[in-house]
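K.L.:
Position one of the sequence shown corresponds to residue 89 (the numbering used here), numbered consecutively onward. Shown below is the structure under consideration.
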Amino acid sequence: MCRALPAGTLVLMLIVSTLAQALDLSPAEHAGKRLYREGLSSSDAQVSARVGAADMLVPASVVPCGSCHGADGLGRAEGGVRPPVLNWQRLAQGQGLRSANGRRYPAYTEASLARAIQEGRDPAGNQLDPAMPRFVLSMADQRNLSAYLKRLADDRDPGLSEQTLRLGTLLPEQGPLAPSARVVAAVLNDRIDQLNRQGGIHGRQLQMISIDPGPDRASAEQALTELIEQQQVFALISPVVPALESTLASRLEKARIPMIGAAPTAGRSTQIFDPLPGLDDQLLSLADYAQGNLALQQAGTQIVYADPAQAGLARQLLQQLQRRGWGEVTAAPLTEQAATGQAIFYLGDAEGFGQLTAQLQQAGRTPYLFAAANQVASQLAQVPENWSRRVFLAYPFVPGDWTPGGSQALSAMRQRQGLDGRQGVLQVSTWCAMQLLGDALKQIGRDASREKLITALEGLHDLQTGLTPPLNFGPGRRQGLAGAHVVTLEMPGPVFFPVAAYRPVAEGNAP
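Set out below in structure tokens:
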């Protein structure tokens, strides 16, 4: 079931026994891990630390152990201070070893380790480096921290080793989504190959595990479980798996696995970072244009959805339009009856869009039509001529967003991978996903963890991709773009005319 993306540079065949297995930590060890990495007590009580010669009291979350000693406990030098390696086996066998200041000390015990953490003294009573905070801990917190420190040397996030960082994706090999999956595979393959040729990221080569999710939800769930539990990937990137739309977010949150790529419209997650705007933001950009430039907010409006799974999104859009002052808005599935209203917002695939326009044409009606371009692109050439300048499409990016460097890089990738301009949105989305991952991994350094990756992704602001408007994320923002360009069609052709440039949509407000 597991297959490699097409390229010799993507080393995939890994022996199961060599995979970095995540530790099975006890509740106490989990609590100690949280205290070590975040400075937070298992009881959520405030933990304090004394710092400096003046014993200034600060929250431990400001100076958690992991901030100096690292998530791996290796204590890399920073600012002239070299925190020691926190390896329990080494500490407990430290008899006769010399400390950094040349003085000898006996092996650590749990009691002397607690004194070092709380009082800043080694087992011989020597004062530790003044840069070492002295933590004010309850007995329970100290026990939890000591328990975790004994496991620290073996605790790594899955998918990480000294030489490699393993990613995962779900790409169908057969069926209607296989062509899109091959495009995603080609872009991922190319970007990873280019990064690895440059030495990888902080000395680690990127590896990709790609699994076919199969024909239905059950097989897709099984494939995701294999990525998480057997292959133990560090993060997911750009999966093509609509069968998991309702469950993917909760699965990622439970496993605490970050994902970069197109977010499912149902159940967004703090674990998922999408470089391009969601379908809802794209349609709201169209609504804001229709309200501000076409004065359609008081016309009869219908939201038509082709797939029953999109009924929830249709209701959300209806509520958003109502909050923006739109009247007479309804939502209905696509049926054999022609849609009503002077303004129609469409949710669904290109085939359904073709059915919608054919029905309206037969009924002799030409209402304004609004849709996301990536959903209906293949049907645009068949739009009847009397809809000229009455079809409006949302585009996350337009050629005017492309810088010379971005355009050249995309063209070179297409040439290497045998791609053309078809499925351009998918190509750019996957390209940007890899750029987000690469930039975030470079920021967090060699001491990588999933938590650090998420924090770094949240901190990416005004990221220039060369192919899109600047991307922005934050603690409460997981979509890099929050709106879209608006483009209309002139028939015959079609000829595309941009009528509104990208700007972020405002939640619940009229333009």
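For every residue, glycine included, the Cβ atom is placed at its ideal position computed from N, Cα and C.
Tell me where the alpha helix (DSSP H) around F441 begins and ends.
P.N.:
Reading the sequence shown from its first residue, position 353 is the one you call residue 441. Note, F441: alpha helix (DSSP H), 438-450.
K.L.:
Tell me, please, whether the region 571-584 touches the region 479-499 by the rule of three or more beta-carbon pairs shorter than 8 Å.
P.N.:
Taking 8 Å as the limit for Cβ pairs, the verdict is that the region 479-499 does touch the region 571-584.
K.L.:
Under the DSSP definition of a beta bridge, which residues are partnered with G256?
P.N.:
Within the sequence shown, residue 256 is the residue found at index 168, counting from 1. Its beta-bridge partners are I297, L324.
K.L.:
With which residues is H573 paired in a DSSP beta bridge?
P.N.:
The residue labelled residue 573 in the question sits at position 485 within the sequence shown. Answer is Y483, bridged to H573.
K.L.:
Determine, using beta carbons only, whether R398 and G442 come nearer to each other than 9 Å.
P.N.:
Counted from its first residue, the sequence shown places residue 398 at position 310. Counted from its first residue, the sequence shown places residue 442 at position 354. Here residue 398 turns out to be Gln, not Arg, going by the sequence shown. The answer is no: Cβ separation not under 9 Å.
K.L.:
Which partner residues of M522 appear in the DSSP bridge assignment?
P.N.:
Against the sequence shown, residue 522 aligns to sequence position 434. According to DSSP, which records beta bridges pairwise, M522 is partnered with nothing at all.
K.L.:
Using the beta-carbon count (16 or more within 10 Å), is Q410 buried or exposed?
P.N.:
Your numbering for residue 410 matches position 322 in the sequence shown. Exposed, since its Cβ has fewer than 16 Cβ neighbours within 10 Å.
K.L.:
Between the region 493-513 and the region 315-331, do at least 3 Cβ pairs fall closer than 8 Å?
P.N.:
They do not touch, by the three-pair rule.
K.L.:
Quick check: what's the CA-CA separation for W475 versus L406?
P.N.:
Taking the sequence shown and counting its residues from 1, one reaches residue 475 at position 387. Taking the sequence shown and counting its residues from 1, one reaches residue 406 at position 318. Straight-line Cα distance between these residues: approximately 24 Å.
K.L.:
Which class does V516 belong to by DSSP, given the choice of helix, strand or coil?
P.N.:
One-based indexing of the sequence shown puts residue 516 at position 428. Correct three-state label for V516: helix.
K.L.:
If we require 4 or more residues per run, which alpha helix (DSSP H) segments fall completely within the region 521-561?
P.N.:
Those alpha helix (DSSP H) runs which fall completely within the region 521-561 and span 4+ residues are 538-546.
K.L.:
Could you tell me the distance, in whole angstroms, from the CA atom of A269 to the CA atom of A306?
P.N.:
On the sequence shown, position 181 is the one that residue 269 refers to. On the sequence shown, position 218 is the one that residue 306 refers to. The straight-line gap from Cα to Cα measures roughly 19 Å.
K.L.:
If you compare alpha carbons, which of A142, L559, M347 is closest to D489?
P.N.:
Residue numbering aside, residue 489 sits at position 401 when the sequence shown is read from its first letter. Of the listed residues, the one whose Cα sits closest to D489 is L559.
K.L.:
Report the option in R279, S357, I348, A308 whose CA atom is closest to the CA atom of G564.
P.N.:
For the purposes of this step, residue 564 is identified with residue 476 of the sequence shown, where counting begins at 1. Nearest C-alpha to G564: S357.
K.L.:
Nearest CA to the CA of P365: which residue from E117, E126, F561?
P.N.:
Position 277 of the sequence shown, counted from the first residue, corresponds to residue 365. Per the Cα distances, F561.
K.L.:
So for S105, helix, strand or coil by DSSP?
P.N.:
For the purposes of this step, residue 105 is taken as the residue at position 17 of the sequence shown. In this prediction, S105 scores a pLDDT of 32, lower than 50, which makes its location untrustworthy; the coordinate-derived value is nonetheless stated afterwards. Looking at S105 - three-state DSSP - the assignment turns out to be helix.
K.L.:
In this structure, what does DSSP give as the bridge partners for M501?
P.N.:
What you label residue 501 is simply residue 413 of the sequence shown in a count that begins at 1. In DSSP, M501 forms no bridge with anything.
K.L.:
What is the DSSP secondary structure of Q318, counted as helix, strand or coil?
P.N.:
If you number the sequence shown from 1, residue 318 lands on position 230. In this structure, Q318 counts as helix in the three-state DSSP scheme.
K.L.:
In three-state DSSP terms, what is V593?
P.N.:
As a working mapping, residue 593 is identified with position 505 in the sequence shown. V593 falls in the coil class under three-state DSSP.
K.L.:
Spatial neighbours of G163 within its chain, please: CB distance less than 8 Å, with the 5 preceding and 5 following residues excluded, ordered by chain position.
P.N.:
The residue labelled residue 163 in the question sits at position 75 within the sequence shown. Here the set comprises C156, H157, R170, P171, P172, V173, L174.
K.L.:
Can you give me the start and stop residues for the alpha helix (DSSP H) that A337 sits inside?
P.N.:
Residue numbering aside, residue 337 sits at position 249 when the sequence shown is read from its first letter. Run containing A337: 336-343, per the alpha helix (DSSP H) assignment.
K.L.:
So G247 and Q320 are supposed to be a Cβ contact under 8 Å. How far apart are they, rounded?
P.N.:
Within the sequence shown, residue 247 is the residue found at index 159, counting from 1. Within the sequence shown, residue 320 is the residue found at index 232, counting from 1. At roughly 6 Å, the Cβ-Cβ gap stays under 8 Å, so G247 and Q320 are in contact.
K.L.:
Kindly indicate the opening and closing residues of the beta strand (DSSP E) around P586.
P.N.:
Taking the sequence shown and counting its residues from 1, one reaches residue 586 at position 498. Its beta strand (DSSP E) spans residues 583-588.
K.L.:
Does the region 210-222 come into contact with the region 256-275, if we say contact requires no fewer than three beta-carbon pairs (one atom in each stretch) closer than 8 Å?
P.N.:
Not touching, per the Cβ criterion.
K.L.:
Do you know whose CA, among Q470, G127, G288, lies nearest P580's CA?
P.N.:
As a position in the sequence shown, residue 580 is number 492, starting the count at 1. Ranking Q470, G127, G288 by Cα distance to P580 puts Q470 first.
K.L.:
Tell me the rounded alpha-carbon separation between P267 and T518.
P.N.:
Position 179 of the sequence shown, counting from 1, holds the residue named residue 267. Position 430 of the sequence shown, counting from 1, holds the residue named residue 518. Each residue's alpha carbon lies about 14 Å from the other.
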